[in-house]
Structures are given as C-alpha cells and as structure tokens.
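In my numbering, the protein residues as written are 480 to 689.
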C-alpha cells in the first residue's frame, strides 16, 4: 500500500537546492564530455543486438512517480527466457554488453535522466514498481528524494550480479538484497550531507575504472 510521502521533506531545502544545482551543472558537463562514447556504445549495441541500441524501462522515482530510465542496451532477447533478475551468468548479456556493464558505460545515458530532473547523481537506485510492494512505514522515505546513478547501497552491492549468480534462487535473494539496500538508503537520507555525495561519486568513479 502506497504510503504518502509527497509532502515529506527528507532533506532541507538548502541541501536540496545544492544537490540539484550540482546535478544540473555536472550532468550537462558529463553529457558533453561523454557523448562520443555514448554514441559509439549505442552503435555497437545496435549492431550486436540487431535492435535499437538504447534500453528504456519504467522505474519508480521521487514521490512514487514513474519515469523511463535510459541505458545502453547490453542484452539480447532469447525466446522463452523470462526473468527480471540479471546475474553475471545471464546468457542474454552480449559480448560488448559485458564490457559496458563492467565499466559502467551502459549507465552513461542516465546523465540525461539527471539533467531532466528525474534522477540525481547520488541516491537510492530506482527499481521497478513491484519491488516496492513490501515497503512499510519509514521505508517509503527512499522515495522522498530523486533516485541516483550511484549511492552507498549501489557501492556495497557493486558485484550484485555475481552474488545473484552464486545462489540457487536469484529472484528470492534479490528481495533480500533489496531490503538491505532500503535500510542503507534510509540511513543515507536521514543523515544526509552533501559532502557524502562527493565521496560516493569518487568511490564509484574509481571503482568503475579499476
């Protein structure tokens, strides 16, 4: 059941304005600097998947409002293969897709999501609406701010696909991971400091190129 958080301000107006100003400025800079990489990745993905090289999917954003997340397509369709959970052993992942996912190149188009105010550089990762069915009470605070490209939970579970590949029931274990992510993100929101965002961005960048 949806717990109303539309009028909840989890972080102060000053912090929110600072966060949004940073997002707006650096998403625009990031788009200019990485657009050639995005274009090349898009073309490679289009050729390898024999389809349009961008992947879009409805995700839940701030105030439980859905939006379309944008990524470079890294997976091909396999008839009869139906699951919303991706593991590192997923046969749908293309050769180039594995490289794009390893170095987070597939995430670059989300800079447009940030630019248009649907996402932030740092925040809870947005997920499909079904993942929020079991939230209750303060859990809903994770939807009181814009979702992020990275964040403390994302960094902790940077090898999530390998973890899911190692268990017998990835779909069930994915829900266990999601609950832990919610708790981590609640702590991030309740003790929010802008300087923490910079730390998470640097950690993500260093982890992405190492």
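From the three backbone atoms N, C-alpha and C, an ideal C-beta is built for every residue, glycine too. Remember, it's a predicted structure, so these values are computed and weren't measured experimentally.
Nearest to residue i by alpha carbon, out of the options?
| i | options | result |
| --- | --- | --- |
| residue 621 | 645, 660 and 504 | 660 |
| residue 646 | 488, 566 and 527 | 566 |
| residue 606 | 504, 584 and 656 | 656 |
| residue 649 | 568, 516 and 599 | 568 |
| residue 501 | 586, 599, 560 and 587 | 599 |
| residue 512 | 558, 559, 588 and 537 | 588 |
In terms of residues, what are the limits of the alpha helix (DSSP H) holding residue i?
| i | result |
| --- | --- |
| residue 566 | No alpha helix (DSSP H) holds residue 566; DSSP gives it neither H nor E. |
| residue 523 | 492-528 |
| residue 656 | 649-669 |
| residue 642 | 639-644 |
Near residue i, which residues of its chain fall below 8 Å by C-beta distance, leaving aside the five closest residues on each side in sequence?
| i | result |
| --- | --- |
| residue 634 | 679, 682, 683 and 686 |
| residue 613 | 654 and 658 |
| residue 664 | 602, 603, 621, 630, 631 and 632 |
Kindly give me the distance between the Cβ atoms of residue i and residue j, rounded to whole angstroms, as I take these residues to be in contact under 8 Å.
| i | j | result |
| --- | --- | --- |
| residue 556 | residue 534 | Not a contact, Cβ separation roughly 11 Å. |
| residue 676 | residue 601 | 4 Å |
| residue 630 | residue 667 | 6 Å |
| residue 492 | residue 564 | That belief does not hold up - the Cβ atoms of residue 492 and residue 564 are roughly 38 Å apart, past 8 Å. |
| residue 590 | residue 509 | 5 Å |
| residue 673 | residue 503 | The pair is not a contact, with the Cβ atoms about 14 Å apart (cut-off 8 Å). |
Sorted by chain position, which residues of the same chain lie with C-beta nearer than 6 Å to residue i's C-beta, five sequence neighbours on each side aside?
| i | result |
| --- | --- |
| residue 524 | 532, 551 and 552 |
| residue 580 | 553 |
| residue 490 | 671 |
| residue 480 | Legend: pLDDT at residue 480 = 43, less than 50; position of this residue unreliable, value from coordinates given subsequently. Answer for residue 480: no residue qualifies. |
Provide the residue span of the beta strand (DSSP E) that contains residue i, from first to last.
| i | result |
| --- | --- |
| residue 537 | 533-539 |
| residue 547 | 545-551 |
| residue 628 | 627-629 |
| residue 600 | 599-601 |
Could you name the residues of the same chain whose beta carbon sits closer than 7 Å to that of residue i, not counting the 5 residues immediately before and after it, in chain order?
| i | result |
| --- | --- |
| residue 528 | 552, 555 and 573 |
| residue 586 | 550 and 628 |
message: Does the contact criterion of 3 or more C-beta pairs under 8 Å hold for the stretch 542-549 versus the stretch 514-522?
response: no
- prompt: For the 8 Å Cβ check, are there 3 or more pairs between the stretch 623-632 and the stretch 561-581?
  reply: no
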